[in-house]
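Q: Chains C and A, in that order, give the protein sequences.
For the first sequence, this note's numbering gives the first residue as -5, with consecutive numbering after it.
For the second sequence, this note's numbering gives the first residue as 7, with consecutive numbering after it.
Provided herewith is a single structure, encoded as structure tokens, for subsequent inquiry.
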Amino acid sequence: MMSRYVLVIFLLITLSQLLNGQGIFRGSNLMEFQLGNLPTLNPEYQSSLYDQLNLSYRYNVFGLDARIEQYYPSFGEESDYRKISQYTFQYKSDLLDIEVGNLYTSLGRGLLLRTYEIPGSIWETRGYRVRYGFYRDLLGASVKFNYKGLELKAIRGEVLDVTLPPTIEEDLDRRPDLVEALQTSYRFNSQSVGFILMRHVVENQAGPNAERPDKYLSFFYDGVLFDKLTLYGELARQLDGEIPLTNFTESASYGGYVGFNFYLLNFGASLEYKDYHNFSLGTGMNDPPTLIKEHSYRTLNRSTHVPVLTDENGYQVELYMTLENGSMFTFNTSRSKNEISEERQPVFQEYFLEYQFYPSEQTSAKVFVDYAKDPFVNEVNRYATGGYIDLQHKKLTSTVEFEWQHIERETNVIDEFSNYYFSYTLSKASKYSISTVLELTYDPIQIFDSKQYNLYPALITTYQPNSKNKLTLFYGKRRGGPACNSGVCYDVLDFKGLELRLNTRF
Amino acid sequence: MLGASSAKTLFSISLMLVGWQSLSQGALNVELKNIEGKYVTLHQIKGEKLTVLDFWATWCKPCIKAIPELEKLSNEFEDKGVRFVGINNDSPRNISKVRPISKSLGMTYPVLLDTEQELFNEMLVVSLPTLIILRPDGEVVYTHEGYSRGDEVLIKSRIEELLADDE
Chain C
-5 MMSRYVLVIF LLITLSQLLN GQGIFRGSNL MEFQLGNLPT LNPEYQSSLY
45 DQLNLSYRYN VFGLDARIEQ YYPSFGEESD YRKISQYTFQ YKSDLLDIEV
95 GNLYTSLGRG LLLRTYEIPG SIWETRGYRV RYGFYRDLLG ASVKFNYKGL
145 ELKAIRGEVL DVTLPPTIEE DLDRRPDLVE ALQTSYRFNS QSVGFILMRH
195 VVENQAGPNA ERPDKYLSFF YDGVLFDKLT LYGELARQLD GEIPLTNFTE
245 SASYGGYVGF NFYLLNFGAS LEYKDYHNFS LGTGMNDPPT LIKEHSYRTL
295 NRSTHVPVLT DENGYQVELY MTLENGSMFT FNTSRSKNEI SEERQPVFQE
345 YFLEYQFYPS EQTSAKVFVD YAKDPFVNEV NRYATGGYID LQHKKLTSTV
395 EFEWQHIERE TNVIDEFSNY YFSYTLSKAS KYSISTVLEL TYDPIQIFDS
445 KQYNLYPALI TTYQPNSKNK LTLFYGKRRG GPACNSGVCY DVLDFKGLEL
495 RLNTRF
Chain A
7 MLGASSAKTL FSISLMLVGW QSLSQGALNV ELKNIEGKYV TLHQIKGEKL
57 TVLDFWATWC KPCIKAIPEL EKLSNEFEDK GVRFVGINND SPRNISKVRP
107 ISKSLGMTYP VLLDTEQELF NEMLVVSLPT LIILRPDGEV VYTHEGYSRG
157 DEVLIKSRIE ELLADDE
């Protein structure tokens, strides 16, 4: 491992020196230092340093990329690591694209496979307490061939299980899912049709279970039906010799998605439908569209419904209307039903309305109201409202944000409680910002000792000395829980202490 | 899957191959679908003098806030050889919303769908929104991360400086 690390560093530095002026060598670095701990754990203060260096070299049709990650905690010697976590060689031309190494790719809309990265995110779980980059990549190769509208994409590789940290690599297989797939599509005018064939082998500790890999077939259509109306539809299912292709009953494994979008003048609409059944593949290598709104508001983002791919069907509608003065309405509603058993069939439902407007030339504002019920997590009623206002001063900008959420949770008894979020930010464009954040919860699950509530105060400052460096300092207590970012939902740990992050690009 | 020896071989081959090639065109050759359903490369739609890439997503609050300001800048500079291009980075979860929200916001500059984060990774973007200005040969001359009110003034003055440098 160490020899590979030295080799790549040496080659990239040599390349940059030898070929200076002939190609493009660029990079970015993310460094984060933490001094603190989970609020409920002792010792109160422990330190850790995480660093992620990304290097990229491009020369005509060739490219080389490498990622080096390092982690040094003050606790547990077995938790530290230094490794080349990603490397990619690529060749790109008009006809042919080849990539070898750690890839991000997807098949169709991700019903069968989607690998991704949550940019700038550092992942940590309560069990392992090891920090590492949040990405689910595929280690292998991809070949894409394009000719006059015909596209062929062949993929072979192992998908990373992001829930396992790099320190566990010697004991556990972090890439148990081996995928081989072929995607073929044909484009004509503004439309394309295609199909996907995929083979999935779940490797176990003793060796690959190659005798009976799972096979999948998918058909998709993507196109502009009329000038203002587009449609995407995909139907994927497992090929099982015993179950006919046309069988969509209880024992079949399938996923169906259809999405329309439409606009007319300043009005836009998106309508989507999903039906997933026995469709949780491997360690989570597929990521079908969830059809649940990804909220940017803190309390709503945390209360998201995570799809249950063993059985879920439903729809999402989102409407936009922009008025002549620039103000904008957004309405969203979604419904998801899970058929867990004959008796238990929870239905998630949400209604969301947002209005963005400009009260004056120096002011912009957004307000929202939201109602949801998510019986899958025992939340029978959930109400929320809030908004923000931006006020432009002579040289600075003030931003005030406020959110209130009230939840009725039914377990043995009905718990009613509220969550509050408040923040004030003073910023100078592209230079610095200072924010005070205050979260308050009466959620019984979040309350410890004999307190009536839990308070999360924090101070966040950012400083950008130039366009290539950004420094972020967090001090205080951060509330964890579910979070959704870039279309992916995951759990974030609580934190209390000081956190310093430096983003650099070169 | 790839051992140390395979990595060594790949890098050695790359070292030999790069010696035969000319200047990088990197990001300009990435082919993406626009919201009208056509596939284009940045090379095909780049500005005569500058290309301004705005990486955004529908779920990103500051991204949506920046768009009307970028639209104004696009209109102001389109006759001066500057082309604005929106690079949408929504995942399949939100991709269906990109076209209606773009149209509703009145975006007139092209919007390309970078669902597989191809251009995103190519340009080493780490957060949204990120605005990158390119010369016609693909050289990155300015990067701006985040958006708060007033940033558009800074972006405008940077474009003016870069145009003045050309003259």
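The C-beta atom is built at its ideal place from N, Cα and C for all residues, glycine as well.
All of these numbers come straight from a predicted model, not from anything done at the bench.
Between the alpha carbons of F351 (chain C) and F56 (chain C), how many angstroms are there, rounded?
A: 47 Å
Q: What are the boundary residues of the alpha helix (DSSP H) that T293 (chain C) is part of?
A: R292 to R296
Q: Excluding the five sequence neighbours on either side, which residues of its own chain have a C-beta within less than 7 Å of the C-beta of L191 (chain C), listed in chain order?
A: A175, L176 and L211, listed in sequence order.
Q: So what does DSSP say about Q40 (chain C), is it helix, strand or coil?
A: strand
Q: So V363 (chain C) is in the beta strand (DSSP E); what residue range does that whole segment cover?
A: T357 to D368
Q: Could you pull the start and end residues of the alpha helix (DSSP H) that V124 (chain C) belongs to?
A: Premise fails: V124 (chain C) is in no alpha helix (DSSP H) and is neither H nor E.
Q: Put R403 (chain C) into one of helix, strand or coil per three-state DSSP.
A: strand
Q: For a contact meaning CB atoms closer than 7 Å, what does N100 (chain A) contact in chain C?
A: E288 and G481, listed in chain order.
Q: Grab me the residues of A359 (chain C)'s own chain with a C-beta within less than 8 Å of its C-beta, minus the 5 sequence neighbours each way, in chain order.
A: Q350, F351, Y352, P353, G381, Y382, I383 and D384
Q: Pull up the CB-CB distance for R120 (chain C) and L487 (chain C), whole angstroms please, since I reckon it's below 8 Å.
A: 6 Å
Q: To the nearest whole angstrom, what separates the beta carbons of Q80 (chain C) and R61 (chain C), a pair I think is in contact under 8 Å?
A: 4 Å
Q: Is it buried or exposed for K268 (chain C), if we count other Cβ within 10 angstroms and need 16 for buried?
A: buried
Q: Among C:G481, C:L35 and C:Y66, which residue has its Cα nearest to the Cα of N295 (chain C)?
A: C:G481
Q: If I measure Cβ to Cβ from E312 (chain C) and keep anything under 6 Å in the same chain, skipping five residues before and after, which residues do I get?
A: S264 and N326
Q: Since Y522 (chain C) contacts T161 (chain C) with CB under 8 Å, what's their CB separation in whole angstroms?
A: With chain C covering -5 to 500 only, the question about residue 522 (chain C) has no answer from this structure.
Q: Pull up the DSSP beta-bridge partners for T455 (chain C), would you.
A: C:I428 and C:L467
Q: So, helix, strand or coil for T34 (chain C), using DSSP?
A: coil
Q: If I follow the unbroken alpha helix (DSSP H) through D172 (chain A), where does it start and stop?
A: D157 to D172
Q: Report, in whole angstroms, the separation of the C-beta atoms of V407 (chain C) and P369 (chain C), which I expect to be a contact under 8 Å.
A: With 8 Å as the limit, V407 (chain C) and P369 (chain C) do not qualify as a contact, their Cβ atoms being about 16 Å apart.
Q: With distance defined between alpha-carbon atoms, name the residue in A:A63, A:Y153, A:E84 and A:N35 nearest to S102 (chain A).
A: Of the residues A:A63, A:Y153, A:E84 and A:N35, the one whose Cα lies closest to the Cα of S102 (chain A) is A:A63.
Q: With distances taken between CB atoms, is the gap from E402 (chain C) to Y415 (chain C) smaller than 8 Å?
A: No, the Cβ-Cβ distance between E402 (chain C) and Y415 (chain C) is not below 8 Å.
Q: Would you kindly work out how many angstroms separate the C-alpha atoms of S179 (chain C) and F411 (chain C), rounded to a whole number?
A: If you draw a straight line from the Cα of S179 (chain C) to the Cα of F411 (chain C), it comes to about 51 Å.
Q: Does DSSP put E82 (chain A) in a helix, a strand or coil?
A: helix
Q: Let me confirm a value: A170 (chain A) is counted as buried when at least 16 other C-beta atoms fall within 10 Å, else exposed. Which label applies?
A: Classification for A170 (chain A): exposed.
Q: Quick one: grab the DSSP three-state call for L133 (chain C).
A: strand
Q: Can you tell me the Cα-Cα spacing of V187 (chain C) and V147 (chain A), whole angstroms?
A: Answer to the nearest angstrom: the Cα atoms are 39 Å apart.
Q: Under a three-way DSSP split, which group does E145 (chain A) fall into?
A: For E145 (chain A), the secondary structure class from DSSP, reduced to helix, strand or coil, is coil.
Q: Locate the alpha helix (DSSP H) running through E71 (chain C), then write down its first and last residues.
A: Here E71 (chain C) belongs to no alpha helix (DSSP H), and DSSP marks it neither H nor E.
Q: Looking only at its own chain, which residues have a Cβ that is under 6 Å from the Cβ of G431 (chain C), when we skip the five neighbours before and after it?
A: Here residue 431 (chain C) turns out to be Val, not Gly, going by the sequence shown. Hits under 6 Å: S417 and A452.
Q: So what does DSSP say about P207 (chain C), is it helix, strand or coil?
A: coil
Q: At the level of alpha carbons, what is the spacing between S100 (chain C) and V36 (chain A)?
A: 16 Å
Q: Residues in the stretch 251 to 263 of chain C with C-beta within 7 Å of chain A's C-beta atoms, listed in sequence order?
A: G253, N255, F256, Y257, N260, F261, G262 and A263
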